[in-house]
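Protein chains: 2
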Amino acid sequence: MLAVSALSRHPQMMAGSEDAESPKRRAILNAATELFAARGYGAVSMDAIARAADVSKATLYAHFESKDRLFATIVHVACLENIMPADDLPEDGALDMASLGEVLRTIGGRILRFFLLDRSLAIHRLVIAESVRFPELGRAFYDNGPVAGRQRLAAWMASQPALDVPDPEVAAEQFLGLLRSGLYLRATLGLAPAPDAAAIEAVVAAAVGTFLRAYRA
Amino acid sequence: MLAVSALSRHPQMMAGSEDAESPKRRAILNAATELFAARGYGAVSMDAIARAADVSKATLYAHFESKDRLFATIVHVACLENIMPADDLPEDGALDMASLGEVLRTIGGRILRFFLLDRSLAIHRLVIAESVRFPELGRAFYDNGPVAGRQRLAAWMASQPALDVPDPEVAAEQFLGLLRSGLYLRATLGLAPAPDAAAIEAVVAAAVGTFLRAYRA
DNA sequence: GTCTATAGAAGGATAGAC
DNA sequence: GTCTATCCTTCTATAGAC
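Line by line, the protein sequences are chains A and B.
The opening residue of the first sequence carries number 1 in my numbering; numbering runs sequentially from there.
The opening residue of the second sequence carries number 218 in my numbering; numbering runs sequentially from there.
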């Protein structure tokens with residue numbers, strides 16, 4: 001469910017074995033990632049992880065010194081990998097109002113669909129649930145996800161003369177808040193019905209409409 | 218931390234003893250509520266609850282048939298008790314724009330401060346963390362909290378001629394989304410610094426400003 | 001209802017052979 | 001590194017006396 005390929009780019013996250021390409025290690029990470037994402041920290045046992053990865057518990061402990069470390073490693077890497085899409089914002093060229101609405105709807109749709117991915121929701125749930133016992137995960141999630149995404153969005157908004165944003169950081173935060181209204185909480189709680197494309201588009205359109213009425217120059 | 222007084226108003230939530238005034242039962246509920254809120258479901262043992270409530274485990278099991286049931290009872294009651302403030306909205310009298318801004322800042326401040334209470338944050342974390350294994354909790358939380366609050370807010374907005382809200386439910390949802398932008402995620406993750414009164418007022422003022430620019434008639 | 005004491009299972013973690 | 005087998009703790013839940 002959650003990818004782990006960033007491990008090779010973050011060697012400091014590797015304990016026990018330093019060989020990122022160890023197949024057993026990869027199997028453990030894949031199995032543990034899926035189990036933690038699906039059931040949470042407390043409901044997953046090291047036995048279950050070893051079974052799912054088809055290795056012995058001793059092998060598991062040869063690669064990860066404890067359940068805590070295994071969990072922290074997985075969630076930390078997932079936070080570093082799970083980056084909100086904002087790199088498709090057009091380079092500082094000034095846009096007229098119609099194009100601006102178009103761009104905001106496009107980027108807003110991408111962002112909201114990203115928020116609603118099973119992977120994103122699972123990370124969000126894990127971090128919220130365990131941030132009390134693993135404060136560094138809350139920090140990693142927050143700095144790498146919401147803060148980084150907001151900053152890129154804010155910089156772009158500030159560069160658009162068709163927008164009147166006295167405080168770009170606040171405006172970016174509000175745009176994200178508008179996107180999260182409605183569907184997002186329901187999806188986080190796993191409530192039916194699952195959001196479909198039409199519902200997502202409706203939320204995005206409403207968010208962009210409100211945002212532009214408030215912030216057009 | 219979380220109150221349990223609604224138990225007496227919800228007798229169907231009581232298993233084992235039907236005497237809501239049993240002091241031991243009350244002690245168990247208080248202790249378990251505090252522990253679950255502080256550490257989450259998995260990190261709290263029935264031993265710890267019995268110790269904190271100063272009763273034996275046998276007594277605990279005489280009142281609650283299992284840990285699952287105890288947890289579900291506590292969180293369910295907490296969801297029913299934790300109601301967003303919206304009853305201080307002025308009765309349908311039409312307001313001018315200045316008064317409207319005043320009322321929105323007042324109610325917005327109350328709502329955001331409510332969201333940021335330790336109690337509200339704890340319930341939110343518990344429900345998100347355990348909604349996979351206890352789907353009925355996600356439903357109870359959602360219907361009694363966000364849905365009910367949004368409906369009351371939407372009805373009030375629809376009654377205000379100084380507002381132009383084509384879809385009151387969407388507008389109410391967006392107002393809540395604007396309030397949640399900024400501080401709320403940080404608080405949910407338990408990140409420092411804890412929100413102070415000035416920060417809360419700033420978020421509320423920004424939310425009301427954006428909302429009114431978008432929705433004033 | 002309440003206690004002490006304990007059963008029985010599952011948990012995290014390790015020893016020792018290969 | 002990897003396995004089998006096991007240790008020790010902790011957990012949920014209950015039996016039986018009062």
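By construction, the Cβ of each residue, glycine as well, lies at the ideal position given by its N, Cα and C atoms.
All figures in this text were calculated on a predicted structure; none of them were measured in a lab.
message: Quick check on residue 128/A - is its C-beta less than 9 Å from some C-beta in chain B?
response: Residue numbering aside, residue 128/A sits at position 128 when the first sequence is read from its first letter. Answer yes: the Cβ-Cβ gap between residue 128/A and chain B drops below 9 Å somewhere.
- request: Could you tell me whether the stretch 290-310 of chain B touches the stretch 356-373 of chain B, where touching means 3 or more Cβ pairs closer than 8 Å?
  value: Yes, since at least three Cβ pairs between the stretch 290-310 of chain B and the stretch 356-373 of chain B fall closer than 8 Å, the two stretches touch.
field: Span separating the alpha-carbon of residue 211/A from that of residue 168/A
entry: Your numbering for residue 211/A matches position 211 in the first sequence. Your numbering for residue 168/A matches position 168 in the first sequence. If you take the alpha carbons of residue 211/A and residue 168/A, they lie about 12 Å apart.
field: Cα-Cα separation between residue 13/A and residue 33/A, rounded to whole angstroms
entry: As a working mapping, residue 13/A is identified with position 13 in the first sequence. As a working mapping, residue 33/A is identified with position 33 in the first sequence. Residue placement at residue 13/A cannot be trusted, given a pLDDT of 49 that sits under 50; the coordinates are not used to answer.
task: Using only alpha-carbon positions, find the residue among 158/A, 208/A, 131/A that is nearest to residue 40/A.
output: To locate residue 40/A, count along the first sequence from 1; it is residue 40. The candidate whose alpha carbon is nearest that of residue 40/A is 131/A.
- prompt: residue 345/B and residue 189/A look like a contact to me (Cβ under 8 Å); what is the Cβ gap, rounded to whole Å?
  reply: As a first step, residue 345/B is located in the second sequence; it is residue number 128 there, counting from the start. As a first step, residue 189/A is located in the first sequence; it is residue number 189 there, counting from the start. Correct: roughly 7 Å between the Cβ atoms.
message: Counting only Cβ-Cβ distances shorter than 9 Å, please list the residues of the stretch 245-267 of chain B near chain A, keeping chain order.
response: So the close ones are 255, 256, 257, 258, 259, 260.
task: Taking only runs that begin and end inside the stretch 86-135 of chain A, name each unbroken alpha helix (DSSP H) of 4 or more residues, in chain order.
output: 97-116, 118-130
task: For residue 206/A, go through chain B and note every residue whose CB falls closer than 8 Å to its CB, in chain order.
output: In the first sequence, residue 206/A corresponds to position 206, counting from 1. Correct list: 384, 387, 391.
- request: Rounded to whole angstroms, what's the CA-CA distance from residue 310/B to residue 124/A? Just pull it up for me.
  value: Within the second sequence, the letter at position 93 stands for residue 310/B. Within the first sequence, the letter at position 124 stands for residue 124/A. Near 42 Å, if we compare the C-alpha coordinates of residue 124/A and residue 310/B.
task: Check residue 400/B in the structure and name its three-state DSSP category.
output: Translated into the one-based positions of the second sequence, residue 400/B becomes position 183. Note: residue 400/B maps to helix in three-state DSSP.
field: 7 Å CB neighbourhood of residue 253/B in its chain, flanking five on each side removed
entry: As a first step, residue 253/B is located in the second sequence; it is residue number 36 there, counting from the start. For residue 253/B, same chain residues with a beta-carbon under 7 Å away, outside a window of 5 residues either side, are 261, 288, 291, 343 in chain order.
message: For a quick check, are the C-beta atoms of residue 333/B and residue 410/B less than 9 Å apart?
response: Here residue 333/B refers to the residue found at position 116 of the second sequence. Here residue 410/B refers to the residue found at position 193 of the second sequence. The answer is no: Cβ separation not under 9 Å.
- request: Identify every residue that forms a DSSP beta bridge with residue 380/B.
  value: Position 163 of the second sequence, counted from the first residue, corresponds to residue 380/B. Bridge partners of residue 380/B: 433/B.
message: Looking at the ligand GDP, does it come within less than 8 Å of residue 366/B, judged from the CB to the closest heavy atom?
response: The ligand GDP is not part of the structure shown, which contains no ligands of any sort.
Below-9 Å beta-carbon distance, residue 428/B vs any chain A residue: By 1-based counting over the second sequence, the position of residue 428/B is 211. Judged by the 9 Å Cβ criterion, residue 428/B is in contact with chain A.
field: Listed by chain order, chain A residues near residue 358/B by CB distance under 8 Å
entry: Working through the second sequence from its first residue, we reach residue 358/B at position 141. Under the 8 Å cutoff, chain A gives 189.
- request: Quick one: give me the first and last residue of the alpha helix (DSSP H) that residue 251/B is part of.
  value: As a working mapping, residue 251/B is identified with position 34 in the second sequence. Note, residue 251/B: alpha helix (DSSP H), 240-256.
- prompt: Residues in the stretch 327-346 of chain B with C-beta within 9 Å of chain A's C-beta atoms, listed in sequence order?
  reply: 341, 342, 343, 344, 345, 346
- prompt: Got a sec: is the Cβ-Cβ distance from residue 355/B to anything in chain A below 9 Å?
  reply: Position 138 of the second sequence, counting from 1, holds the residue named residue 355/B. Closer than 9 Å: yes.
- request: Have a look at 255/B, 274/B, 324/B, 248/B and flag the residue whose alpha-carbon is nearest the alpha-carbon of residue 420/B.
  value: As a first step, residue 420/B must be located in the second sequence, where it is residue number 203. Of the listed residues, the one whose Cα sits closest to residue 420/B is 324/B.
- prompt: From residue 415/B to residue 422/B, what does the alpha carbon distance come to, in whole angstroms?
  reply: Taking the first residue of the second sequence as position 1, residue 415/B is located at position 198. Taking the first residue of the second sequence as position 1, residue 422/B is located at position 205. Here the alpha carbon of residue 415/B sits roughly 10 Å from the alpha carbon of residue 422/B.
field: N- and C-terminal bounds of the alpha helix (DSSP H) containing residue 84/A
entry: Along the first sequence, read from residue 1 onward, the residue named residue 84/A stands at position 84. Unbroken run through residue 84/A: none, as it is neither H nor E.
- request: Using 10 angstroms around the beta-carbon of residue 403/B, count the other beta-carbons present and answer buried if the total reaches 16, otherwise exposed.
  value: Here residue 403/B refers to the residue found at position 186 of the second sequence. Classification of residue 403/B: buried, given that the 10 Å Cβ count is 16 or more.
- prompt: Taking just the CA atoms, how far does residue 299/B sit from residue 269/B?
  reply: Locating residue 269/B in the second sequence gives position 52, counting from the first residue. Locating residue 299/B in the second sequence gives position 82, counting from the first residue. Roughly 24 Å separates the two Cα atoms.
message: What does the alpha-carbon distance come out to for the pair residue 418/B and residue 146/A?
response: For this step, residue 418/B is matched to residue 201 along the second sequence. For this step, residue 146/A is matched to residue 146 along the first sequence. If I take the Cα positions, the gap works out to 21 Å.
task: Helix, strand or coil for residue 54/A, going by three-state DSSP, please let me know.
output: Counting from one through the first sequence, the residue named residue 54/A turns up at place 54. Looking at residue 54/A - three-state DSSP - the assignment turns out to be coil, as it is neither helix nor strand.
task: Report yes or no: is there a C-beta of chain B within less than 9 Å of the C-beta of residue 177/A?
output: Here residue 177/A refers to the residue found at position 177 of the first sequence. It does; some Cβ of chain B falls within 9 Å.
- request: Using only alpha-carbon positions, find the residue among 374/B, 271/B, 321/B that is nearest to residue 243/B.
  value: For this step, residue 243/B is matched to residue 26 along the second sequence. Cα-wise, what sits closest to residue 243/B is 271/B.
- prompt: Hey, would you say residue 170/A sits closer than 9 Å to residue 104/A, going by beta carbons?
  reply: If you number the first sequence from 1, residue 170/A lands on position 170. If you number the first sequence from 1, residue 104/A lands on position 104. Not in contact: residue 170/A and residue 104/A (Cβ atoms no closer than 9 Å).
query: Beta-carbon of residue 182/A versus every beta-carbon of chain B: anything under 9 Å?
result: Numbered from 1 along the first sequence, position 182 holds the residue referred to as residue 182/A. Closer than 9 Å to some Cβ of chain B, the Cβ of residue 182/A qualifies, so yes.
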